[in-house]
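Worksheet: the structure to be examined is printed underneath.
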Amino acid sequence: MRALCWEGVGKLAVRDVPEPRIRADGDVVVRVRASSVCGSDLHLINGYLPAMREGDVLGHEFMGEVVETGPGVRRLRVGDRVVVGSVVACGGCWYCRTEQYSLCDNSNPQPVFTEKLWGHSPAGILGYSHAAGGYAGSHAEYIRVPFGDVGAFRVPDGVSDDAAVFASDAMPTGWMAADFCGLKGGEVVAVWGAGGVGQMAARSAQILGAGRVIVIDRLPERLATAAARLGVETIDYARTDVLEALREMTAGRGPDACIEAVGMESHDVGPSYAYDRVKQAARLQTDRLVSVRQAIMACRKGGTVSIVGVYAGLVDKFPLGAAMNKALVLRMGQMHAQRYIPMLLERLAGGEIDPGYLATHPLPLEDGVRGYELFEKKRDGCLRTVLHPSA
Amino acid sequence: MIGRATRWTLLGAGVVAVTGVGRAVARRRRRHQPERQDGWYVVHRGVTVDRPRDGVIDFWTDRERLDRALAGWATLEQLDGGRWRCEAAERTGGGRRWRAEITVESPGVLRWRVTDGPVAQEGRVELVDAPQGRGTEIRAELRYRLGPVRRAFGLAAGDEPDLALRDTLRRVKALVECGEVVDTRRDPSGRSPRQERATDKVREKLATGGRA
Ligand SMILES: NC(=O)c1ccc[n+]([C@@H]2O[C@H](COP(=O)([O-])OP(=O)(O)OC[C@H]3O[C@@H](n4cnc5c(N)ncnc54)[C@H](O)[C@@H]3O)[C@@H](O)[C@H]2O)c1
Ligand SMILES: [Zn+2]
Ligand SMILES: [Zn+2]
């Protein structure tokens, strides 16, 4: 079959690879119908998330059709149209049973690296390097999904492939980010990053009761899309002093909750950004922290900073003093896909969330390399490229 | 009807068989000398399984499940009431075989001793209730002894048995909690056979520890 493979830092290629097969009783094989790019892939492609190997198949946000089921699969049938959570969860450990799926104890068969780096190993993630289990990803005609009964969910009729695909990752991540904020109704929520994740976080915050949502980015077309689709206010951080603007918009208080949906390659204007980039390039620090710093500085006293942008290692100039003395609540994590997907599919079917507009560039798998270029360089208004392997 | 002691022994055999003891010490690593007692190297490891103690033991009564868990690399033979013989091959190949004798000491405690293998080795497994209803702690102690030649070559200087024991306990936990030990080797990739072999080595390091 054809698949989009990582070939080294910054290098991708579409290649012939062997087809997956059922290997464990709980496995299902899915014929991929739509497979999206995600901001996390950029961290992997650029070598900031470690342990990629030449030939690894990328992709973790996808949906498709079940074509084969292992003997232990009960809930799914061949022919089901399903969306699959990016995070692999066994369903039987304490973390899974308490719905903290991204912390599953048993789904990363290669846990030593993250145990050394972080003290414990979180769940495996499909198509997400050998530190996250070494699973083949979804930018391929077929993918093996372990623990199919736990991770794959039937898509309601009437929901299109290019909308359902985002219930895999961008929607649950955005929802969790807003969920972390503990909204009671009427709060001001600021969201850094107007990518797929940030936009879904903004929509989720609205649904969960935020009174005002303010989205921060520098890409005019993304800010315009967020304003038009979601009715949020926006700040262009390249033209405006973000902290000043937020203070002013909230009459001095600062946002009640700040969601960070940018991640380790965050961008900034000015000299400290050059310093951060040099340090990261030299691997003296693994992550650039611009937007997290801003979120902590901007947040009102006693407010919540919710981080869903991905970070891997050590950072510099983390404003711990601000967080401590302002008594902030910090929440963060990889999303618990399986906890949120069924609820999100209902909201999708009911029209309450419509993520279909994120799929600005539907392309055949063969155009995968170009698809990532469009996405990485944010060319042509690209929010997300969605690959269609069976097209 | 399999008796309780027997079931318990099967769990122990599972632990022993998965450990691949020979392999455990055949690797070298220089940091962290394990603790030594009367000429034995001693390592302790534990894992928490999210099932009550009876659940952990009962899991092993299913012969089919056990055979699948031990698939290929171990056989069990009952010697008498509380004693079993386990014969196994190293899990990662290499063809080396070893034998161990397993003895049920009391409900919840068993010991094993390698009777024929590359290293003198014995161990003990104990099941303890975890606090807050978090299931069962499987606590294991592994002791091994090495000859002077191995020591001279630095083979003794490792925490590898420690890692192997941890890997074993992780596997046992996974089998009880979700019925399988995930394996992603030979998932589809664009690698050549040579690249795949190199990647398998990386996978093994990431799975069990050891020097990358
Ligand atoms: N926690 C999870 O489970 C999870 C899941 C999916 C994605 N993610 C992470 O979420 C992050 C965003 O993902 P995405 O797919 O939306 O990525 P994306 O690349 O499409 O979007 C990131 C956006 O952040 C903007 N940005 C860069 N620097 C900024 C700054 N200083 N201030 C404000 N905005 C800035 C960029 O212009 C871009 O629009 C990534 O780090 C990704 O790894 C996390
Ligand atoms: Zn993602
Ligand atoms: Zn689990």
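Chains as they are written, first to last, in the numbering used here: chain Y, 1 to 391; chain U, 392 to 603.
Yeah, the Cβ is synthetic: ideal placement off N, Cα and C, and Gly gets one too.
* **Reduced DSSP secondary structure (H/G/I, E/B, other) of S129 (chain Y)** => Correct three-state label for S129 (chain Y): coil.
* **Under 8 Å by beta carbon: chain U residues contacting A132 (chain Y)** => None at all; the shortest Cβ gap to chain U is about 10 Å.
* **Where D441 (chain U) meets chain Y, residues with beta-carbon distance less than 7 Å** => Going along chain Y in sequence order, the residues near D441 (chain U) (Cβ under 7 Å) are C93, W94, R97.
* Classification of Q469 (chain U) by the beta-carbon crowding that lies within 10 angstroms, buried from 16 upward -> Flag for Q469 (chain U) reads exposed.
* If we ignore side chains and look at the alpha-carbon of each, how far apart do E141 (chain Y) and I45 (chain Y) end up? -> Across the structure, E141 (chain Y) and I45 (chain Y) are spaced so that their CA atoms are roughly 20 Å apart.
* is_contact[R490 (chain U), chain Y] using C-beta, thresh 8 Å -> Cβ-Cβ to chain Y under 8 Å: no for R490 (chain U).
* **Cβ pair S168 (chain Y), V84 (chain Y) closer than 8 Å** => Closer than 8 Å, so yes.
* **Three-pair Cβ contact test at 8 Å for the region 354-361 of chain Y versus the region 102-109 of chain Y** => No, the region 354-361 of chain Y does not touch the region 102-109 of chain Y.
* Please confirm if P18 (chain Y) has its CB atom under 8 Å from at least one CB of chain U. => With 8 Å as the cut-off, P18 (chain Y) counts as an interface residue toward chain U.
* Asked: When DSSP labels each residue in this structure, what does K317 (chain Y) get in the three-state scheme?
  -> Reduced to three states, the DSSP call for K317 (chain Y) is coil.
* To do: Tell me, to the nearest whole angstrom, how far the beta carbon of D574 (chain U) is from that of T599 (chain U); I am working on the premise that it is less than 8 Å.
  => With 8 Å as the limit, D574 (chain U) and T599 (chain U) do not qualify as a contact, their Cβ atoms being about 13 Å apart.
* **Alpha-carbon spacing of R419 (chain U) relative to G196 (chain Y), whole angstroms** => No answer about R419 (chain U) holds up, because its pLDDT of 38 lies below 50 and its placement is not dependable.
* Kindly indicate which residue of Y:G59, Y:F147, Y:A224, Y:K184 has the alpha-carbon position closest to the one of H139 (chain Y). => Out of Y:G59, Y:F147, Y:A224, Y:K184, Y:G59 has the C-alpha closest to the C-alpha of H139 (chain Y).
* Give a yes or no on whether 8 Å exceeds the smallest Cβ distance from Y392 (chain Y) to chain U. => Outside the displayed range of chain Y (1 to 391) lies residue 392 (chain Y), so it cannot be described from this structure.
* At which residue ranges does the region 308-376 of chain Y contain complete alpha helix (DSSP H) runs of 4 or more residues, listed in the order of the chain? -> Segments of the alpha helix (DSSP H) lying fully in the region 308-376 of chain Y: 320-325, 337-349, 368-376.
* Rank Y:V315, Y:Q280, Y:Y275 by C-alpha distance to the C-alpha of V292 (chain Y) and give the top, closest one. => Here the closest residue by C-alpha is Y:V315.
* To do: Just grab the DSSP bridge partners of F62 (chain Y) for me.
  => Its beta-bridge partners are Y:S35, Y:V84.
* Mark S390 (chain Y) as exposed unless 16 or more other C-beta atoms lie within 10 angstroms of its C-beta, in which case mark it buried. => The Cβ neighbour count for S390 (chain Y), taken over all protein chains shown within 10 Å, is under 16; the residue is labelled exposed.
* Where D558 (chain U) falls: helix, strand or coil (DSSP) -> Assignment of D558 (chain U) by DSSP, reduced to helix, strand and coil, places it in the helix class.
* To do: With distances taken Cα to Cα, identify the nearest neighbour of I296 (chain Y) among Y:G321, Y:V310, Y:A274, Y:V386.
  => Answer by Cα proximity: Y:G321.
* To do: For the alpha helix (DSSP H) holding I22 (chain Y), just list the boundary residues, first then last.
  => Here I22 (chain Y) belongs to no alpha helix (DSSP H), and DSSP marks it neither H nor E.
* Asked: Hey, does A337 (chain Y) have any beta-carbon neighbour from chain U nearer than 8 Å?
  -> No, A337 (chain Y) does not count as interfacial toward chain U.
* Would you tell me roughly how many angstroms separate the C-alpha atoms of G193 (chain Y) and D56 (chain Y), rounded to the nearest one? => The alpha-carbon atoms of G193 (chain Y) and D56 (chain Y) are separated by roughly 28 Å.
* Asked: Comparing the CB of S40 (chain Y) with every heavy atom of ligand 2, is any distance shorter than 7 Å?
  -> Checking every heavy atom of ligand 2 against the Cβ of S40 (chain Y), one is found closer than 7 Å.
* **V82 (chain Y) beta carbon less than 8 Å from that of R154 (chain Y)** => Yes. Within cutoff.
* Under the three-state DSSP convention, the category F569 (chain U) falls into -> Sequence inspection shows Cys at residue 569 (chain U); the Phe mentioned does not correspond to that position. It is helical.
* May I ask you to check if the CB of D25 (chain Y) is nearer than 7 Å to at least one heavy atom of ligand 3? => Taken from the Cβ of D25 (chain Y), every heavy atom of ligand 3 lies 7 Å or farther away.
* Asked: From which residue to which residue does the beta strand (DSSP E) around Y95 (chain Y) run?
  -> First-last for Y95 (chain Y): 94-97, but that is the alpha helix (DSSP H), not the beta strand (DSSP E).
* Asked: Taking one C-beta from the region 361-375 of chain Y and one from the region 123-131 of chain Y each time, how about it: are there three or more such pairs within less than 8 Å?
  -> By the Cβ criterion, the region 361-375 of chain Y is not in contact with the region 123-131 of chain Y, since fewer than three pairs of Cβ atoms, one from each stretch, lie closer than 8 Å.
* **CB contact flag (E496 (chain U), R504 (chain U), <8 Å)** => Contact: no.
* Asked: Which word fits H43 (chain Y), buried or exposed, when buried means at least 16 other C-beta atoms lie within 10 angstroms of its C-beta?
  -> By the Cβ-count criterion, H43 (chain Y) is buried, with 16 or more other Cβ atoms from all chains shown falling within 10 Å of its own Cβ.
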